[in-house]
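Have a look at the structure below before the remarks.
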Amino acid sequence: MMDWLRHASRRCATIREAPQKKLDNGAKMVAIAKKEIQDVLSQVASWPAGDRIVLARKILETVVPGPQGLPRGLSAEEVIAQLNVPQPAPDDAACEHILEDELLRKHGG
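Those letters in the sequence shown? Residues 2 to 110, per our numbering, in order.
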């Protein structure tokens, strides 16, 4: 099975690099004989479904680029390090004082 997978992957690469013909409508057509496709299909038709799916995915990967990962953010350790402050959290009285100061700053007074 793996020999066929390698062969099919090489064949896909060959197809990708095959010369292309211009059609009258401007579309491009890959120059590949339909008989070759039928030969491959007839040879893999008896494979288990899972193996055919693997082959199909390998073929599609030669045409469509894989998913692009999102850029990674900070690691958990970096986030925790940013949250660590060198002083203890304020007590209730200090929080009350901070809130009063902010209200006075915001609304005047």
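Backbone N, C-alpha and C define an ideal beta-carbon position, used for all residues, glycine too.
Cα atoms of G51 and I60: separation of roughly 14 Å, rounded to the nearest angstrom.
Rounded to the nearest whole angstrom, the C-alpha separation of L105 and I99 is 10 Å. DSSP, reduced to helix, strand and coil, places L42 within a helical segment of the structure shown.
Q88 sits away from L75, with the two beta carbons spaced by 9 Å or more.
In the DSSP assignment, Q88 falls outside any alpha helix (DSSP H) and carries neither an H nor an E.
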